[in-house]
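This report concerns only the one structure given below.
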Amino acid sequence: DDRIVAQQEDYYPLTTCVVDGKSLEQTASLDFVFRNRLFLLCSFECQEKLTAKPAEFFTRLNQAVIKQQTPSYPLTTCIVSGKTLGEKAINHVVGNQLVRLFDSTQLNRFDENPGKYLADLRKLGPKHAPPAAKKTDQN
11 DDRIVAQQED YYPLTTCVVD GKSLEQTASL DFVFRNRLFL LCSFECQEKL
61 TAKPAEFFTR LNQAVIKQQT PSYPLTTCIV SGKTLGEKAI NHVVGNQLVR
111 LFDSTQLNRF DENPGKYLAD LRKLGPKHAP PAAKKTDQN
């Protein structure tokens, strides 16, 4: 879990708890890794809510990642095919990082070797600043 936290915290898009919306800047946040994704939560109660309804909170987190990272996305072409990204480009979130792909065929190719493409993407673009929340070592 520590490795996942280290890889994803710079890309985390929220300064509020994804479950209840409380500010993470005014309280210590809880690093919670669930299904290989980092969630910053305000309480163990929110952790329980997330595990009870994960689809809802994955969707919220993915939407926040896309909203935050789209304006500064470093490419105008698909990282897999090199084709120009158009209106029908696919926004795919991996480890709290946005990956924009030309189409679903490229998504299948991306999924064959995501580590390679994520490493290439990280070399190209700036990391997104983590929230200013004070973090604890609780997982």
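Quick note on our numbering: the sequence shown kicks off at 11 and runs consecutively. Just so you know, even glycine gets a beta-carbon here, dropped at the ideal spot from N, CA and C.
Original post:
What are the partner residues of L50, as DSSP defines its beta bridges?
Top reply: Indexing the sequence shown from 1 puts residue 50 at position 40. According to DSSP, which records beta bridges pairwise, L50 is partnered with D41.
**OP:** Helix, strand or coil for V75, going by three-state DSSP, please let me know.
**Re:** Numbered from 1 along the sequence shown, position 65 holds the residue referred to as residue 75. DSSP places V75 in helix when its eight states are reduced to three.
**OP:** Alpha carbon to alpha carbon, how far is C52 from T37? Give it in angstroms, no decimals.
**Re:** Here the question's residue 37 lines up with position 27 in the sequence shown. Here the question's residue 52 lines up with position 42 in the sequence shown. Looking at the two C-alpha atoms, the distance is approximately 7 Å.
Original post:
Exposed or buried, which one is N106 when buried takes at least 16 other CB atoms within 10 Å?
Top reply: Position 96 of the sequence shown, counting from 1, holds the residue named residue 106. Flag for N106 reads buried.
**OP:** Starting from R152, follow its DSSP beta bridges and name the residues at the other end.
**Re:** Because the chain here runs from 11 to 149, residue 152 falls outside it and cannot be looked at.
Subject >> Separation of Y83 from T115, as counted between CA atoms >> reply: On the sequence shown, residue 115 is found 105 positions in, with the first residue counted as 1. On the sequence shown, residue 83 is found 73 positions in, with the first residue counted as 1. The straight-line gap from Cα to Cα measures roughly 21 Å.
Subject >> Assigned exposure category for Q18 - 16 Cβ within 10 Å defines buried >> reply: The sequence position of residue 18 within the sequence shown is 8, counting from 1. Buried, by the Cβ-count rule.
Original post:
How is T26 classed by DSSP in three states: helix, strand or coil?
Top reply: Sequence index remark: in the sequence shown, residue 26 carries index 16 (1-based). DSSP places T26 in strand when its eight states are reduced to three.
Original post:
So, are the CB atoms of F120 and L134 less than 8 Å apart?
Top reply: The residue you call residue 120 lines up with position 110 of the sequence shown. The residue you call residue 134 lines up with position 124 of the sequence shown. Going by C-beta atoms, F120 is not nearer than 8 Å to L134.
**OP:** With DSSP as the reference, label T94 as helix, strand or coil.
**Re:** The residue given as residue 94 occupies position 84 in the sequence shown. Looking at T94 - three-state DSSP - the assignment turns out to be strand.
Original post:
Since T87 sits in a beta bridge, which residues does DSSP pair it with?
Top reply: The residue labelled residue 87 in the question sits at position 77 within the sequence shown. Answer is T94.
Subject >> Residue closest to D12, alpha-carbon to alpha-carbon, out of C56, L34, L48 >> reply: As a working note, residue 12 is residue 2 in the sequence shown. Among C56, L34, L48, the Cα nearest to that of D12 belongs to L48.
Original post:
Excluding sequence positions up to five away, which residues of its chain have a Cβ less than 7 Å from the Cβ of T61?
Top reply: Indexing the sequence shown from 1 puts residue 61 at position 51. Cβ within range, chain order: F44.
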